[in-house]
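What follows is a short report on a single structure.
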Amino acid sequence: MTEKTLAIIKPDAVKKNIIGRIIQRIEDEGFKIAAMKMLHLTKDEAKGFYIVHKSRPFYEDLTNFMSSGPAIVMTLERDDAIAHWRQVMGATDPAQAKPGTLRREFGFSVERNATHGSDARETAEWEIAYFFKK
Ligand code: IDP
Ligand code: MG
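Start counting the sequence shown at 264; every next residue gets the next number (the numbering used here).
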């Protein structure tokens, strides 16, 4: 069933000039890019986006990183988009991610892991609305 997910090319990947390679992979995986923009999140916008992690020890560093430079946010559409995009990204920690996944190929650390993807229907809807007004 066609579904939408929110994907982000994080500031580490934008800095490394690999936007094109990641978008190529997105298209090769059969996703339709339904919306896309580049933006430089403020610290407060990053904190709002990752509000579910506010009591985690990495929240402060993560939101500094996510507001450290421009990122690309996208709505991706496909059959089973949420699970499929998470599979293409690989595990959160690039060292644990399977060969061929984006995080294994392009991630630097558990924090600077190149890409974001929603983890469920409800979070996808909330995350898409966070960046794209109807
Ligand atoms: P996910 O991005 O694979 O869904 P989450 O657990 O939702 O992983 O964490 C959100 C983001 O927070 C990760 O993508 C990563 O950038 C960062 N992060 C997660 N765990 C850690 C950690 O243990 N140390 C530092 N950063 C982390
Ligand atoms: Mg997550």
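No residue lacks a Cβ here, since even glycine has one placed at the ideal position from N, Cα and C.
query, result
"Buried versus exposed call for R375 [16 or more other C-beta atoms within 10 Å across all chains shown]", "buried"
"Residue range of the unbroken beta strand (DSSP E) whose run includes K306", "Segment K306 to F312 is the alpha helix (DSSP H) holding K306; no beta strand (DSSP E) there."
"7 Å Cβ cutoff met for A334 and K273", "yes"
"beta-carbon L269 near the ligand IDP non-hydrogen atom, thresh 6 Å", "no"
"Inter-residue Cα distance where the pair is N280 and S330", "17 Å"
"Three-way DSSP call (helix, strand, coil) for K295 in this model", "strand"
"Pair within 7 Å by beta-carbon distance, T338 and K267", "yes"
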